[in-house]
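Visitor: Numbering (the working numbering), first residue to last: 246 to 671.
The C-beta atom is built at its ideal place from N, Cα and C for all residues, glycine as well.
This one's a predicted model, so the numbers in the text were calculated from it and none came from an experiment.
1) How far does the alpha helix (DSSP H) with residue 648 in it extend, from its first residue to its last?
2) Rounded to whole angstroms, what's the CA-CA distance from residue 408 to residue 420? Just pull it up for me.
3) Can residue 589 and residue 539 be called in contact, C-beta distance under 9 angstroms?
4) Taking the alpha helix (DSSP H) that residue 392 falls in, what are its first and last residues?
5) Mark residue 406 as exposed unless 16 or more other C-beta atoms lie within 10 angstroms of its C-beta, in which case mark it buried.
6) Determine the DSSP secondary structure at residue 554, reduced to helix, strand or coil.
7) Residue 567 and residue 535 - do their beta-carbons sit closer together than 9 angstroms?
8) Rounded to whole angstroms, how far is the Cβ of residue 611 from the Cβ of residue 654, which I believe are closer than 8 angstroms?
9) Which word fits residue 461, buried or exposed, when buried means at least 16 other C-beta atoms lie within 10 angstroms of its C-beta?
10) Please look up how many angstroms separate the CB atoms of residue 352 and residue 362, rounded, as I've assumed it's under 8 angstroms.
11) Going by Cα to Cα distance, which pick from 297, 636, 645 and 605 is closest to residue 663?
12) Using the rule of at least 16 other Cβ atoms within 10 Å of the residue's Cβ for burial, across every protein chain shown, is residue 505 buried or exposed?
13) Under three-state DSSP, which class holds residue 541?
14) Contact between the segment 373-390 and the segment 321-338: three or more CB pairs below 8 angstroms?
15) Using alpha carbons as the reference points, say which of 613, 639 and 638 lies closest to residue 656.
16) Look up residue 548 in the DSSP assignment and say whether it is helix, strand or coil.
17) Distance check for residue 390 and residue 349, CA to CA, integer angstroms please.
18) Just mark residue 545 as buried or exposed, buried being the case when its beta carbon has 16 or more other beta carbons within 10 Å.
19) Quick one: grab the DSSP three-state call for residue 371.
20) Three or more C-beta pairs under 8 angstroms: does that hold for the segment 378-385 against the segment 298-311?
21) Taking only three categories from DSSP, how would you classify residue 495?
22) Can you say whether residue 339 is buried or exposed, counting buried as having 16 or more other CB atoms within 10 angstroms of its CB?
23) If you run the structure through DSSP and keep just helix, strand and coil, what is residue 436?
24) Taking C-beta to C-beta, are residue 459 and residue 491 nearer than 9 angstroms?
25) May I have the straight-line CA-CA distance separating residue 316 from residue 365, to the nearest angstrom?
26) Round the Cβ separation of residue 359 and residue 288 to the nearest angstrom and send it over; I've been treating them as touching at under 8 angstroms.
27) What are the uninterrupted segments assigned as beta strand (DSSP E) that are 3 or more residues long and contained completely in the segment 297-358, given in chain order?
28) Is the beta carbon of residue 637 less than 9 angstroms from the beta carbon of residue 576?
29) Is residue 365 helix, strand or coil when you go by DSSP?
30) Taking the continuous alpha helix (DSSP H) assigned at residue 615, which residues delimit it?
31) Comparing alpha-carbon positions, which option in 341, 395, 346 and 387 lies nearest residue 369?
32) Can you tell me whether residue 423 is buried or exposed? The criterion is at least 16 other CB atoms within 10 Å of its CB, across all chains shown.
33) For the beta strand (DSSP E) holding residue 607, just list the boundary residues, first then last.
34) Check whether the Cβ atoms of residue 271 and residue 403 sit closer than 9 angstroms, and answer yes or no.
35) Which word fits residue 599, buried or exposed, when buried means at least 16 other C-beta atoms lie within 10 angstroms of its C-beta?
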């Protein structure tokens with residue numbers, strides 16, 4: 246029994262909200278219908294029994310009066326009158342011999358009937374029997390009508406519950422879908438008004454709260470993006486002047502250090518501007534169908550990273566933006582070289598829906614936080630992964646989204662780190 250209940254609970258949890266409400270309404274109406282049906286059945290059964298006992302007692306009185314006057318027994322078509330009837334129930338016989346006038350009723354069995362008996366002459370029992378077949382048929386018909394009516398009520402309750410819950414389920418699904426769109430970066434997504442205006446609708450309140458939260462989040466993120474873009478833009482002018490001034494310094498170790506730091510600042514500024522453009526969704530790719538192998542070869546050579554390159558024998562065509570593809574691969578290669586030093590490999594393989602470029606290294610692997618949540622700006626994840634701003638992977642992921650590609654990070658069982666760029670086909 247416990248296993249059945251557990252399976253029932255699991256099945257109910259697996260249903261959608263609309264069907265849960267319909268099932269609960271149907272079960273509730275079924276319990277009410279069964280309870281009412283049982284009460285009506287019991288009340289009607291008592292009514293039939295009381296009427297039958299009264300009728301049998303009255304017939305017993307008439308038969309006794311007739312017997313005392315005429316000396317013979319006479320019943321009617323529905324009544325059997327007898328003295329010391331052998332079929333008389335034993336309990337009724339004993340009660341009659343004890344001086345009581347009583348009745349005995351039985352609705353079950355093949356011969357439903359009511360008996361009435363009284364003592365006659367001290368040692369004999371006068372009894373009458375009336376058949377209750379018609380009454381039992383009436384009770385059976387009543388039970389059938391109650392069952393049909395109850396089934397109809399339960400069916401209507403289930404249908405009505407499903408219809409009423411469908412609107413609630415639709416509104417909740419709409420809210421969930423909008424929340425997913427917001428979490429994926431579509432900050433202007435809104436649920437909109439729901440329910441009947443002027444009514445206290447909890448779903449409408451939830452929708453309004455989600456829309457308010459999304460609007461507040463959008464304003465904050467847009468303000469952050471504008472701040473990042475403004476700061477990076479304002480830094481370009483003084484950094485350009487600083488770079489020019491550094492070039493005029495006399496050669497030497499201090500000059501080299503200054504030039505390196507200025508170059509790092511310029512790179513960081515350009516990265517911040519690129520991140521700001523990606524966040525604002527202002528990037529528009531120039532997609533063309535191109536062979537992948539030459540693009541990857543050129544990107545590896547221009548990155549300056551000593552990587553082992555593995556290319557397929559035949560041509561592999563992809564639809565991509567060559568400049569953005571090189572940017573993605575350069576960031577992945579620089580990230581791998583920074584964290585692993587040597588042992589970086591680049592493998593190009595055709596796939597069912599395009600092609601894959603795998604950049605692998607034999608370093609300590611990606612941190613668990615990076616694998617779970619993806620790259621976050623200015624967070625490198627762990628000290629053993631080396632130093633950096635955390636913008637390289639952020640830009641790679643953003644540019645991959647722009648060209649319709651995807652970057653997957655993983656730590657293979659044999660060790661190291663692996664970044665897989667999945668490109669769409671032509």
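Guide: The structure says:
1) If you number the chain shown from 1, residue 648 lands on position 403. Element bounds for residue 648: n/a, residue is neither H nor E.
2) To locate residue 408, count along the chain shown from 1; it is residue 163. To locate residue 420, count along the chain shown from 1; it is residue 175. Distance between residue 408 and residue 420, taken at the CA atoms: about 19 angstroms.
3) Along the chain shown, read from residue 1 onward, the residue named residue 589 stands at position 344. Along the chain shown, read from residue 1 onward, the residue named residue 539 stands at position 294. Going by C-beta atoms, residue 589 is not nearer than 9 angstroms to residue 539.
4) Taking the chain shown and counting its residues from 1, one reaches residue 392 at position 147. That run of the alpha helix (DSSP H) goes 378-428.
5) Counted from its first residue, the chain shown places residue 406 at position 161. The Cβ neighbour count for residue 406, taken over all protein chains shown within 10 Å, is at least 16; the residue is labelled buried.
6) Taking the first residue of the chain shown as 1, we reach residue 554 at position 309. Of the three classes helix, strand and coil, the one that applies to residue 554 here is strand, per DSSP.
7) Numbered from 1 along the chain shown, position 290 holds the residue referred to as residue 535. Numbered from 1 along the chain shown, position 322 holds the residue referred to as residue 567. Going by C-beta atoms, residue 535 is nearer than 9 angstroms to residue 567.
8) Looking up residue 611 in the chain shown gives position 366. Looking up residue 654 in the chain shown gives position 409. Contact flag correct, Cβ pair sits at about 5 angstroms.
9) Residue mapping note: residue 461 aligns to position 216 of the chain shown, counting from 1. By the neighbour-count rule (16 or more Cβ atoms within 10 Å), residue 461 is not buried but exposed.
10) In the chain shown, the residue the question calls residue 352 occupies position 107. In the chain shown, the residue the question calls residue 362 occupies position 117. Contact between residue 352 and residue 362 fails: their C-beta atoms lie close to 18 angstroms from each other, not under 8 angstroms.
11) Position 418 of the chain shown holds residue 663. Out of 297, 636, 645 and 605, 605 has the C-alpha closest to the C-alpha of residue 663.
12) Here residue 505 corresponds to residue number 260 of the chain shown, with the count starting at 1. Residue 505 is exposed by the Cβ-count criterion.
13) Looking up residue 541 in the chain shown gives position 296. Residue state, collapsed to three classes: helix.
14) The segment 373-390 makes contact with the segment 321-338, as at least three CB pairs between them are under 8 angstroms.
15) What you label residue 656 is simply residue 411 of the chain shown in a count that begins at 1. For the set 613, 639 and 638, the Cα lying nearest the Cα of residue 656 is the one of 613.
16) Numbered from its first residue, the chain shown carries residue 548 at position 303. Annotated three-state conformation of residue 548 is helix, per DSSP.
17) Working through the chain shown from its first residue, we reach residue 349 at position 104. Working through the chain shown from its first residue, we reach residue 390 at position 145. Distance between the alpha carbons of residue 349 and residue 390 is about 28 angstroms.
18) Counting from one through the chain shown, the residue named residue 545 turns up at place 300. Taking all protein chains in view, the Cβ of residue 545 is crowded by 16 or more other Cβ atoms within 10 Å, so the residue is classified as buried.
19) As a position in the chain shown, residue 371 is number 126, starting the count at 1. DSSP places residue 371 in strand when its eight states are reduced to three.
20) No: fewer than three Cβ pairs fall under 8 angstroms.
21) Working through the chain shown from its first residue, we reach residue 495 at position 250. The three-state reading of DSSP puts residue 495 in coil, since its state is none of H, G, I, E or B.
22) Position 94 of the chain shown, counting from 1, holds the residue named residue 339. Exposed is the call here.
23) Numbered from its first residue, the chain shown carries residue 436 at position 191. Correct three-state label for residue 436: coil.
24) Your numbering for residue 459 matches position 214 in the chain shown. Your numbering for residue 491 matches position 246 in the chain shown. In this structure, residue 459 keeps its C-beta atom at 9 angstroms or more from the C-beta atom of residue 491.
25) Position 71 of the chain shown holds residue 316. Position 120 of the chain shown holds residue 365. Answer to the nearest angstrom: the Cα atoms are 12 angstroms apart.
26) Against the chain shown, residue 359 aligns to sequence position 114. Against the chain shown, residue 288 aligns to sequence position 43. About 18 angstroms; that fails the 8 angstroms criterion.
27) You should have 324-328 and 347-351.
28) On the chain shown, residue 637 is found 392 positions in, with the first residue counted as 1. On the chain shown, residue 576 is found 331 positions in, with the first residue counted as 1. Contact flag set, yes.
29) Walking along the chain shown from the start, residue 365 turns up at place 120. Strand, per DSSP.
30) Start at 1 with the first residue of the chain shown, and residue 615 comes out as number 370. From DSSP, the alpha helix (DSSP H) with residue 615 extends over 613-618.
31) Walking along the chain shown from the start, residue 369 turns up at place 124. Minimum Cα distance to residue 369 is reached at 341.
32) The residue given as residue 423 occupies position 178 in the chain shown. The residue is buried, with at least 16 neighbouring Cβ atoms inside 10 Å.
33) Here residue 607 refers to the residue found at position 362 when the chain shown is read from its first residue. Looking at the DSSP string, residue 607 is not in any beta strand (DSSP E), and its letter there is neither H nor E.
34) Counting from one through the chain shown, the residue named residue 271 turns up at place 26. Counting from one through the chain shown, the residue named residue 403 turns up at place 158. Contact: yes.
35) What you label residue 599 is simply residue 354 of the chain shown in a count that begins at 1. Label assigned to residue 599: buried.
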